[in-house]
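Colleague:
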Amino acid sequence: MPVPTDAFVDHLRSLLDDRAILTGTDALDRTADPRGVLSREPVVVVRPADVVGVAATVAACAEAGVAIVPQGGNTGLSYGTHLPADRPAILLSVSRLNRIESVDPDRWTITAQAGVSIQAIQEAASSVGRKFAPDWGARGTATVGGGISTDAGGTNVVRYGNMRDNVMGIEAVLADGRVWDGRRSLRKDSSGYDLKHLFIGGEGTLGVVTSAVLKLVPATPYETSTLAAITGLDDLMPLLELGEQHAPGAISGFELIPDMAMDRLTEVLGIPRFIDAGTEYCVLVRLASSEPVDDMIAGFLKAGVEAGHIVDAVVAGTADQEATLWVMRDEITPMTLWTEHQHLGLKLDTAVPIDQIAEFVRQISARSAEIAPGALCYGFGHVGDGNIHMMILPTSDEAIEPWLAAKPAMEAAIDETVFGLHGTLSAEHGVGLLLRDRIGPQKQELEWEMMRCIKRALDPENLFNPGKLIPDPEV
Ligand code: MLT
Ligand code: ZN
-16 MPVPTDAFVD
-6 HLRSLLDDRA
4 ILTGTDALDR
14 TADPRGVLSR
24 EPVVVVRPAD
34 VVGVAATVAA
44 CAEAGVAIVP
54 QGGNTGLSYG
64 THLPADRPAI
74 LLSVSRLNRI
84 ESVDPDRWTI
94 TAQAGVSIQA
104 IQEAASSVGR
114 KFAPDWGARG
124 TATVGGGIST
134 DAGGTNVVRY
144 GNMRDNVMGI
154 EAVLADGRVW
164 DGRRSLRKDS
174 SGYDLKHLFI
184 GGEGTLGVVT
194 SAVLKLVPAT
204 PYETSTLAAI
214 TGLDDLMPLL
224 ELGEQHAPGA
234 ISGFELIPDM
244 AMDRLTEVLG
254 IPRFIDAGTE
264 YCVLVRLASS
274 EPVDDMIAGF
284 LKAGVEAGHI
294 VDAVVAGTAD
304 QEATLWVMRD
314 EITPMTLWTE
324 HQHLGLKLDT
334 AVPIDQIAEF
344 VRQISARSAE
354 IAPGALCYGF
364 GHVGDGNIHM
374 MILPTSDEAI
384 EPWLAAKPAM
394 EAAIDETVFG
404 LHGTLSAEHG
414 VGLLLRDRIG
424 PQKQELEWEM
434 MRCIKRALDP
444 ENLFNPGKLI
454 PDPEV
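My numbering numbers the first residue of the sequence shown as -16 and each following residue consecutively.
Okay, here's the thing in C-alpha cells:
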C-alpha cells in the first residue's frame, strides 16, 4: 500500500500540532483488524485535534491527490477502513475529536465530536436523566463518527432504530476542505433534501463526519430481561407480537440465542447456564420502562407458555444477573467463542423482512449442511428487527481444507438466499471492502447509479475512502 511521501507528511506536520501524525509502529497499532484476517501494512495516521485541523488535512490531501480513509474506533467488521492498494492514502483518525460539546436535556440532545465513544454518550445522557439508545458490544471503543458512518445498530434497534434514527444533525468536512455545519436539533424540518442521511451509512465516502447532534429519549430506570426457551423459530414473531400486547412499547431487545452457544459460553468464559430446556433456541427479551416491568414480564411469559411458544424461562432477579445475560449475548460471536478458527469463517450481517427470519435460518442452515457439511453453522442476534448474524466456520484443523474449498459456493448460496428473500447483506456493519463486490444485485442498477452520481458530485476526485461501499465505482 503506497504511503504518502515524506515531504507531504512534513507538510501535514506543519499544518497540525506535534501529536497529530503517527507513523511506524504507533500508526500500525491503529490498523489492527478486529477479525484478524487482513495483514497490516505501513500507514500514516493523521489525528487532527479539531475541525479546523481536519479541514486543513483534507484540503492538503485534495491538493496532493492523497486519498483519505476516515477512521473511528476501528471496531468495524466490514473492512471499511482498509487502505487502498493503488494510491497513496492517509488514515484520518477522529480519535482526538473527543469532546462532548453540549448536553441539552431540555432539547433532548447531546452534541458531540466524532471521536467520543458510544459509552461516553450513554453515560452523559444518563447523568441528566435521559438515555442515548444505540448500544452494541463495542460501545466502549466504537465512536459517534464510526457509528454514524456505518449506520450501526445493536441490541436496542427493535425499539429505537439504528444510528440513523438517533442522529439529528451532523457537521462534516467536504472534499474541498469546506466545513458543512448541519448540526440542527429540529424534530421537524421539511426544508428539502435531508443531506445528513447521505453521510449516515456513507462509510466516509463523501466526507469526514466531525461532530453530530444526537437524539436522547426518556430514561428507562427499570430494565429487566427474560431468557425464554422457545419451541422453534416459528415462535419468534408470534412471541414478539405477544410481547407488544403485554408490554406495549417496552420491548427494547429481542435477541435469538442458540442453545449450543450457551454451552460454549460456559466452557470459554465460565458464564453460568441460565436455562437448560433442551430446545434449540432461546430468545432474550428486555423490557425497559420508567415504571417497574415485573408484571409485564409475567404477563408476557404466561401468554407465551399458554400459546405453546415458550417451554421454560428465567427472569433476571438482580442487576448482576441482568448484566450477565447481556454479556452472554455480546460474547456469542465466534470472535470470542471460536477464536482459533473464526478468521476463516463467514459472519453474516444479514437482515430480511421480519416475517422471513425463520425461513432465512432454515434456508441457510440447509445450504450449509449441503455445501459445507463439516462446518459449524449457527445464528444469533437481533431477530426483533430482522437482523440475524449467521456464522459458518470450521471449528477444527481437519475441517479447514474442505471448508475453504466450499466457501465460495457457500457465499454464492448466501447471496442467492438473501436476495431471494428481499433482504440485505449489510444490516448494521456497513459494506466496506468485505461486501462491495457482492452487494450489487441487492439493489436495482438505477439505485447504484444514483449513488455514483452523488459520490461524483460531492467527491469528484474520489478522495474519500476510495474502493469502498459502491460496486463498480468507475461505471
Ligand atoms: C453482534 O451483534 O454481536 C455483532 O454485531 C456481530 C458480530 O460481532 O459478529
Ligand atoms: Zn449485531
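Just so you know, even glycine gets a beta-carbon here, dropped at the ideal spot from N, CA and C.
Of all the options P17, D16 and D(-11), which has the alpha carbon lying nearest to the alpha carbon of L5?
Modeller: It is D(-11) whose Cα lies nearest to the Cα of L5.
Colleague: Can you find the residues in the same chain that come closer than 7 Å, C-beta to C-beta, to W321, ignoring five residues on each side of it along the sequence?
Modeller: Correct list, in chain order: L376 and T378.
Colleague: DSSP three-state call for A212: helix, strand or coil?
Modeller: Reduced to three states, the DSSP call for A212 is strand.
Colleague: Output needed for P(-15): all residues of its chain with C-beta closer than 6 Å, excluding positions within five of it in sequence on either side, in chain order.
Modeller: Answer for P(-15): P71, listed in chain order.
Colleague: What's the call for C360, buried or exposed, on a 16-neighbour Cβ count within 10 Å?
Modeller: Classification of C360: buried, given that the 10 Å Cβ count is 16 or more.
Colleague: If you reduce the DSSP assignment to three classes, tell me which class G137 lands in.
Modeller: Strand, per DSSP.
Colleague: Closer than 7 Å to a non-hydrogen atom of the ligand ZN - does that hold for the CB of E411?
Modeller: True, at least one ligand heavy atom lies under 7 Å from that Cβ.
Colleague: Taking 7 Å as the line, does the beta carbon of D313 fall inside it for any heavy atom of the ligand MLT?
Modeller: Under cutoff, so the answer is yes.
Colleague: Report yes or no: do three or more beta-carbon pairs, one from the region 218 to 225 and one from the region 306 to 315, lie closer than 8 Å?
Modeller: The answer is no - the region 306 to 315 does not touch the region 218 to 225, with fewer than three Cβ pairs under 8 Å.
Colleague: To the nearest angstrom, report how far apart G413 and G406 are at their CA atoms.
Modeller: Computed Cα separation, rounded: 14 Å.
Colleague: Measure the Cβ-Cβ separation of P241 and G362 and say whether it is below 8 Å.
Modeller: Contact flag set, yes.
Colleague: Identify, in the order they occur along the chain, each residue of the same chain with its Cβ nearer than 6 Å to the Cβ of V335, setting aside the five sequence neighbours on each side.
Modeller: Counting only Cβ-Cβ distances below 6 Å, and skipping sequence neighbours, we find F343, G369, L404 and G406.
Colleague: Rounding to the nearest angstrom, what Cα-Cα distance links E274 and A230 in this structure?
Modeller: Answer to the nearest angstrom: the Cα atoms are 11 Å apart.
Colleague: Considering only C-alpha positions, which residue in the set A395, S100, I437 and F115 is nearest to Y176?
Modeller: The candidate whose alpha carbon is nearest that of Y176 is I437.
Colleague: Which residues mark the beginning and the end of the alpha helix (DSSP H) in which S(-3) is found?
Modeller: D(-11) to L(-2) is the extent of the alpha helix (DSSP H) around S(-3).
Colleague: If you draw a straight line from the C-alpha of L196 to the C-alpha of D172, how long is it?
Modeller: According to the sequence provided, residue 196 is Val. The question's Leu does not apply to it. V196 and D172: Cα-Cα distance of roughly 15 Å.
Colleague: Relative to the ligand MLT, is the shortest distance from any of its heavy atoms to the C-beta of T316 smaller than 7 Å?
Modeller: Checking every heavy atom of the ligand MLT against the Cβ of T316, one is found closer than 7 Å.
Colleague: Any heavy atom of the ligand ZN closer than 7 Å to the Cβ of W463?
Modeller: Outside the displayed range of the chain (-16 to 458) lies residue 463, so it cannot be described from this structure.
Colleague: Taking a contact to mean a Cβ-Cβ separation below 8 Å, would you say V294 touches A212 in this structure?
Modeller: Against a cut-off of 8 Å, the Cβ pair of A212 and V294 comes out as a contact.
Colleague: Excluding sequence positions up to five away, which residues of its chain have a Cβ less than 8 Å from the Cβ of A3?
Modeller: If we look at A3 and ignore the five residues flanking it on each side, its Cβ neighbours are L(-5), R(-4), V29, R30, P31, A32, G36 and R79.
Colleague: What does the alpha-carbon distance come out to for the pair A202 and V41?
Modeller: For A202 and V41, the distance between alpha carbons rounds to 39 Å.
Colleague: Counting only C-beta atoms, is W321 closer than 8 Å to chain B at any point?
Modeller: Chain labels in this structure do not include chain B; a single protein chain is all it has.
Colleague: Please name the residue, chosen from L441, A341, L66 and S109, that lies closest to G215 on a Cα-to-Cα basis.
Modeller: Comparing Cα-Cα distances from G215 to each of L441, A341, L66 and S109, the minimum goes to A341.
Colleague: To the nearest angstrom, how far is the alpha carbon of L(-1) from that of A107?
Modeller: So the alpha carbons of these two residues sit roughly 29 Å apart.
Colleague: For L189, count neighbouring C-beta atoms within 10 Å of its own C-beta (all shown protein chains included) and say buried if the count is 16 or more, exposed if not.
Modeller: By the neighbour-count rule (16 or more Cβ atoms within 10 Å), L189 is buried.
Colleague: CA-CA distance, R167 and D278?
Modeller: Between R167 and D278, the C-alpha separation is close to 40 Å.
Colleague: Which stretch, first to last residue, makes up the alpha helix (DSSP H) that contains E305?
Modeller: It spans A302 to D313 - the alpha helix (DSSP H) in which E305 sits, taken as one unbroken run.
Colleague: Hey, how far is the Cα of S272 from the Cα of K198?
Modeller: Straight-line Cα distance between these residues: approximately 18 Å.
Colleague: From this set, A47, A15 and A260, which residue's C-alpha is nearest D(-7)'s C-alpha?
Modeller: Closest option to D(-7), Cα to Cα, is A47.
Colleague: At a cut-off of 7 Å, is H372 close to the ligand MLT when judged by its beta-carbon and the heavy atoms of the ligand?
Modeller: Yes, since a heavy atom of the ligand MLT falls inside the 7 Å radius drawn around the Cβ of H372.
Colleague: Do I354 and L239 come within 8 Å of each other at the CB atom, strictly closer than that value?
Modeller: Cβ atoms of L239 and I354: not closer than 8 Å.
Colleague: Using 10 angstroms around the beta-carbon of R259, count the other beta-carbons present and answer buried if the total reaches 16, otherwise exposed.
Modeller: It is worth fixing the name first, because residue 259 is Asp in this sequence and not Arg. Looking at its Cβ environment, which holds fewer than 16 other Cβ atoms inside 10 Å, D259 is exposed.
Colleague: Excluding five sequence neighbours on each side, which residues of the same chain lie with their C-beta closer than 8 Å to the C-beta of D87?
Modeller: Cβ within range, chain order: I93, T94 and S168.
Colleague: Here's a check: name, in chain order, each residue in its chain whose Cβ is nearer than 6 Å to the Cβ of R312, leaving out the five neighbours to either side.
Modeller: Hits under 6 Å: E238 and L267.
Colleague: One question on the structure: do S132 and E186 come within less than 8 Å of each other, judged by their Cβ atoms?
Modeller: Yes, the Cβ-Cβ distance between S132 and E186 is below 8 Å.
Colleague: What separation, rounded to the nearest whole angstrom, lies between the Cα atoms of V140 and P117?
Modeller: Near 7 Å, if we compare the C-alpha coordinates of P117 and V140.
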